[in-house]
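Contents: one structure, followed by commentary.
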Amino acid sequence: MSLDQASDLDRGMFSMLEQLPLPTWVSGSDGQCVFFNKALRDYVGLDQAQVRGNGWLQAIHPEDLASAQAHYLAAFQGRQSYTADFRVKRHDGVYRWVRDQGAAYFEGDGLFLGFMGNCIDITELHDIAAQRALEDALRASEGQFRALAEIAPVGIYLTNPEGQCLYANPQWCRMAGLSLEAALGMGWINGLHPEDRARVFSHWQRMVESKGQWGLEYRFMDKAGTITHVFGTAAPQIDASGAIIRYVGVNLDLSDTKRVEASRQAAEQRYQSLFQNLLEGCLHGLVLYRDAEPKDFLFLDANQALETLTGWKDMTGRKASEVIPGIHEANPEFLALFARVATTGHPERLELHLESLGIWVSITVHCSEPGYFVALFEDITRRRREQLLDRESETLAGKAQMAAYVAHEINGPLAGIKSAFTLLQTAIPKDHTFRPYVELVDREIDRITAIVRMMYELYRPSEPQAQNVSVATLLQDIATLLGPRFRSHQVNLMLDPGEPGLRGTLHANLLRQVIFNLLQNAIEATPRQGLIRCCARRDGEVLEIQVSDAGPGVPPGLEGKIWERGFTTKRTAIQGGMGLGLSTCRRLLESLQGSITFANLPEGGCVFTVRIPLEWNSGLE
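To get this note's numbering, take the position in the sequence shown, counting from 1, and add 792.
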C-alpha cells in the first residue's frame, strides 16, 4: 500500500500517525516502506521520498545493516511481530542505538496490509548495559587474574598511575618481606633496600611521566636484613581513550642467579689468582684447523710467568703465528704436540730447546675439552746446563785421565832416553860427520818433552767448582803452553788481556781448553809470519774473548757444518791436534751459560767470539 492508495482506505490513520511524537513507520504488503512520520523523519534527517521503498536502509549503520534487515524480513515473512536493536544515523550524523519494534496489521476481513512499527532511542540504556557487561567481564577477568597471581612463581603487583600499590601477590610479599596490608599505597617502598629506594622511585617517576614501560634491577631487604635481588618490570594498562588505568608489574627473583654468579665469579677469581701466580708459564689455547689439518693455535689466556719466561707479549685472543711470527717453522713441535693432545685427550710432556730464546723448557700438556689444551711451561735450562756440563766434564775428565796416563807413560822412558842420549852426545866429537844429527835428535827430544808437559798442563785434573781467576793470567798460561807451536809454525801472537785486573768467577780449566783449541786451530789456519790475535774485554757482566787468524776463512757453504760433531777441514790426521773440536767447544760453552760465534773478516781470516758470564751462576735469575 502507498500513500496514494491510502485515499481509498483511511487517510485519517496517516494523519494521526503524523502527529504522534513517537517515531513511527509503516510498510506495505510488499514489505517496502511507505511512510515515516514527522518524528521519525526529523530524527534521521530524511524526507518522505528518501525513505520510501528500501531507502530507509541508508540510515542504518553499515555494521548493523545485514542484521537489521534479516530481523525485519524474517518477521515479515512469518507475519510475526519482532524487536531488534541497531544503530541509526541521526540527523546530526551521530549514530545512536534504537530499538525497532514492528508488527503486522490487517483489514477487518483479515486481509494483510503490511507492517507498522516504531523506533525508540535506547543509547543511554545500551551504554549502561554495555558498561555493566564490561564490568562483569572485568570482574571475571580480575578474579581470574588474582587466582593466577596467587599461585604464580613470580612476584606480581598492581598500582594506580601514581604508583600506589593496589595489590601484590604472595610471592611479591615474600620477596619484599612485607604483608599485603603493609605494601598497599606507598608502603611498598619500605620493602626496598635503603640504598636503592631513591633510584627505584626516580625510575618509576620517569616511567609515569613518559607513560612508558619500566624495567630495573634492584634489591629488597626485610627487617631481618635478608636481601633479595629482583628484576622488576611494569607496563601500563590503557583504556579506550588512551588514559592509564593502572600499572601491572612482575618481579623476578634473581637471588639464586646472583648466588650462582657470585660463586662463579669467586671460582673465576680463584682460578685467575692460581693461574696468574703459578711459577710455571701457563697457556690455555684452542687448536685451529683448516681442511681437517691443524694450522695454528689461539691464545685464549696466558699468565705473567709465561710472558716473563718467553718474552711473548699481548698473547690473549691472538693466534700464535701473530704473536710469534715463524714459530711453526722454527718449532713445529709446538703445534704438533698441542693438536695431538687436544685430539686424543691424553696428556703428554716434551722437553724442547727454544733456539731463539736460548732456553730449555719442559712442556706438560693436558686436554681441557676436545680441541682445547692447557700447557705448563717450566724453565729447565739450569738442569739441562748442569747435565750438559756434567757430560762434558766427564768427557774432558776421560781425556784428562788418558792424557795424564800417556804423559806419565811417555815421560819415564823419555827421561831415560834423554839421559842415555846425553852420554852419547858427550862421546861424539864436535867435528864428527854425524854431529849435526846429534843436535837434531837433542832438539826433537826437547820438543817431545815440551809436548808431554803441555798435555799434562792442559788436561790436568780440573777443579770441581768455579774459581775467581785473573783473565790475563788465564790467557798467558794458554799462550805459554802453545809457545812451541807458535814457534814451530812461525806465526806471531798478539795477546790483549783487556783492562788491568779483569777477573771473573769462572770454570777456568774448561774455558782454558776452549781458548786453547781456538788458538790451536788459528795456528794451523795461519800462514807463516801471519798474525794471530787473542783479545779479551768486559761487556757489562759478560767476558768476551776473540781469537782471529790470518787464514782463508770458513769456505762458503760450510758455515753451518763447522759446528757438527766430527766435521773438520784439516787435510791430514797429522794436522789434527789434541783439540776438542768446535762442536764440543760450543756445547761446553752453552753448559757454562756462554756462547760462541764466528765471522769471516773482510781483510781475510776468521774471528771466533766467545761470550761467557763473568760470574758463574748455576741457575737463572
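Heads up, the beta-carbon is just placed ideally off N, CA and C, and yes, glycines get one too.
These figures come from a predicted structure and were not determined experimentally.
Pick out whichever of the options has its Cα sitting closest to the Cα of residue i.
i, options, result
"Asp1048", "Glu1072, His918, Val1022", "Val1022"
"Glu1395", "Arg1110, Gly885, Val1052, Ala1342", "Ala1342"
"Trp1006", "Ala1016, Val992, Met1013, Lys1015", "Val992"
"Ala1016", "Asp1331, Met967, Leu1129", "Met967"
"Thr1100", "Lys881, Leu1092, Leu1071, Gln1217", "Leu1071"
"Thr1265", "Arg1304, Glu1236, Asp1238", "Arg1304"
"Gly885", "Thr1135, Val1283, Leu838, Leu1274", "Leu838"
"Leu1406", "Ala1328, Leu1142, Val1339", "Ala1328"
"Asn829", "Pro813, Gly823, Ser821, Asp822", "Pro813"
"Met999", "Asp1014, Ala975, Asn952, Gly979", "Asn952"
"His918", "Thr1173, Phe878, Phe1169, His1145", "Phe878"
"Gly1004", "Thr1020, Tyr864, Gly1034", "Gly1034"
"His1158", "Gly1077, Ala1122, Ala1084", "Gly1077"
"Thr1102", "Trp1152, Arg1132, Ala1054, Leu1092", "Trp1152"
"Leu1302", "Glu1382, Asn1069, Glu973, Glu1333", "Glu1382"
"Glu1170", "Leu1215, Cys1074, Asp1106", "Cys1074"
"Gln1179", "Gln1385, Glu855, Lys1105", "Gln1385"
"Ala831", "Leu1127, Thr1020, Met808", "Met808"
"Gly1163", "Gly1137, Arg1177, Trp889, Leu1144", "Gly1137"
"Ser1211", "Phe1126, Asp1234, Ser859, Pro1228", "Asp1234"
"Gly1208", "Trp889, Ser1160, Ala1112, Ile1237", "Ile1237"
"Ile1240", "Gln1268, Leu1267, Ile1220, Ser1280", "Ser1280"
"Gly1352", "Leu1335, Gln1321, Phe1390, Thr1297", "Phe1390"
Quick one: what does DSSP say residue i is sitting in, helix, strand or coil?
i, result
"Cys1377", "helix"
"Pro1086", "strand"
"Glu942", "helix"
"Cys1398", "strand"
"Ile1388", "strand"
"Gln1029", "strand"
"Tyr949", "strand"
"Gln1259", "strand"
"Cys965", "helix"
"Lys1210", "helix"
"Pro854", "helix"
"Glu1351", "coil"
"Ser1020", "Reading off the sequence shown, one finds Thr at residue 1020, where the question assumed Ser. Note: Thr1020 maps to strand in three-state DSSP."
"Asp1238", "helix"
"Ser1280", "helix"
"Arg1177", "helix"
"Gly1293", "coil"
"Gly1371", "The predicted model places Gly1371 with a pLDDT of 44, which falls under 50 and marks its position as unreliable, so this point remains unresolved."
"Glu899", "coil"
"Val1346", "coil"
"Pro1117", "coil"
"Ser1055", "helix"
"Glu1170", "strand"
"Lys1105", "coil"
"Thr1100", "helix"
"Phe1226", "coil"
"Pro1405", "strand"
"Gly1007", "strand"
"Leu1393", "coil"
"Asn1069", "helix"
"Asp913", "strand"
Just grab the DSSP bridge partners of residue i for me.
i, result
"Glu1143", "Ser1154"
"Gly977", "Cys957"
"Ile1324", "Leu1285"
"Met1013", "Ile1019"
"Ser1340", "Arg1325, Val1399"
"Ile1037", "Looking at the DSSP assignment, Ile1037 forms no beta bridge with any residue, so it has no partner."
"Ala1094", "Leu1075"
"Tyr864", "Bridge partners of Tyr864: none, in fact."
"Lys881", "Tyr887"
"Ala876", "Asp892"
"Asp1269", "Answer is none; Asp1269 lacks a bridge partner."
"Met908", "Val818, Ala895"
"Tyr1164", "Leu1078"
"Leu1335", "Arg1330, Ile1404"
"Cys825", "Ser819, Gly845"
For the ligand NAP, I want to know if residue i counts as a neighbour, meaning its beta carbon is within less than 7 Å of at least one of the ligand's heavy atoms.
i, result
"Leu1180", "Because no ligand of any kind appears in the structure shown, any question about the ligand NAP cannot be addressed here."
**Request:** Decide if the segment 1261–1268 is in contact with the segment 1209–1227; the criterion is three or more beta carbon pairs, one per stretch, under 8 Å apart.
**Result:** no
**Stretch pair the segment 1317–1324 + the segment 1290–1298: three plus CB contacts closer than 8 Å** = no
**Message:** Across the segment 941–956 and the segment 836–853, are there enough close Cβ pairs to call them in contact, namely three or more that are closer than 8 Å?
**Reply:** no
**Asked** Should the segment 1143–1152 be called in touch with the segment 1113–1123, which here means at least 3 C-beta pairs below 8 Å?
**Response** yes
**Request:** Assess, as a yes-or-no matter, whether the segment 1040–1055 is touched by the segment 1078–1086 under the definition of 3 or more beta carbon pairs within less than 8 Å.
**Result:** no
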